[in-house]
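One structure below.
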Amino acid sequence: MPEEARWYVVHTYSGYENKVASNLEKTVENRQLQDLIQEIRVPTELVTEIKDNKRKEVERKIFPGYVLIKMVLTDESWYVVRNIRGCTGFVGPSSKPIPLTDEEIAKLGVEKKEIEVSYGVGDSVNIIDGPLEGFVGTVEEVDAEKNRVRVMVSMFGRETPVELELDQAESVL
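Take the sequence shown: its position 110, counted from the start at 1, is 91 in our numbering, and no numbers get skipped.
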């Protein structure tokens, strides 16, 4: 049984990220290495550009020149990735691959962790983290996909909407 797959960062020639990813996917499929190399991602974000007074949605690479790969590191998987055309090597000291930490994975948003919440719209919640820790409010909206909750908090006699992460609030018993 192979060890657990981890996320690694591979350096590529700039502009070759998608080509490296597609070539690697083909190689993995041809050699039946799906158990070793499980996922290949080129992190992108949608950006709105305004040119000549026209708005346009453009997909931009977050890390130009890098590809993220979830794989079990063995001599075979290392060799396959390292020898893809356009790949210059793994990120790490002397090309020794270093896996991303759980904190780095969470910050990059590479893997989505499902958070179960015990509250819904209209429920009272306690804010347990952040600058408003200790305040109590009413849930207005829950957006599980974006990991956000909007809570109405009474401050200085006024109702104020506050955006929090799902795990920053807990149900008042």
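We treat Cβ as the ideally placed atom computed from N, Cα and C, and that holds for glycine.
inquiry  = Across the region 57 to 64 and the region -7 to 0, are there enough close Cβ pairs to call them in contact, namely three or more that are closer than 8 angstroms?
reply    = Touching, no, given that fewer than three Cβ pairs across the two stretches are closer than 8 angstroms.
Validate contact between the region 80 to 88 and the region 119 to 139 using beta carbons, cut 8 angstroms, 3 pairs = no
ask   = Among Tyr(-6), Val98, Glu(-16), Leu5, which residue has its Cα nearest to the Cα of Asp124?
value = Val98
query = Assuming Val53 contacts Val(-10) under a Cβ cut-off of 8 angstroms, what Cβ separation, rounded to an integer in Å, is found between them?
reply = In fact, because the Cβ distance is near 16 angstroms, the residues do not count as touching under 8 angstroms.
task = If I'm right that Val23 touches Lys37 with Cβ under 8 angstroms, what's the distance once you round it to whole angstroms?
result = Contact check for Val23 and Lys37: beta-carbon distance about 20 angstroms, past the 8 angstroms limit, so the pair fails to qualify.
Identity of the residues DSSP links to Val53 by a beta bridge = In DSSP, Val53 forms no bridge with anything.
task = Quick one: measure Cβ to Cβ for Gly103 and Val120, integer angstroms, because I've assumed they're closer than 8 angstroms.
result = 6 angstroms
ask   = Between which two residues does the beta strand (DSSP E) containing Leu154 stretch?
value = Leu154 -> no beta strand (DSSP E), and no H or E assigned at all.
ask   = Going straight from the alpha carbon of Asp110 to that of Glu144, what length do you get?
value = 12 angstroms
ask   = Which class does Lys127 belong to by DSSP, given the choice of helix, strand or coil?
value = coil
request  = Ignore the nearest five residues each way along the sequence and tell me which others in Cys68's own chain have a CB closer than 7 angstroms to its CB.
outcome  = Val(-9), Thr(-7), Val1, Val62.
task = With a threshold of 16 other CB atoms inside 10 Å of the CB of Ile21, please say whether the residue is buried or exposed.
result = buried
ask   = What's the gap between the Cα of Val153 and the Cα of Lys7?
value = 52 angstroms
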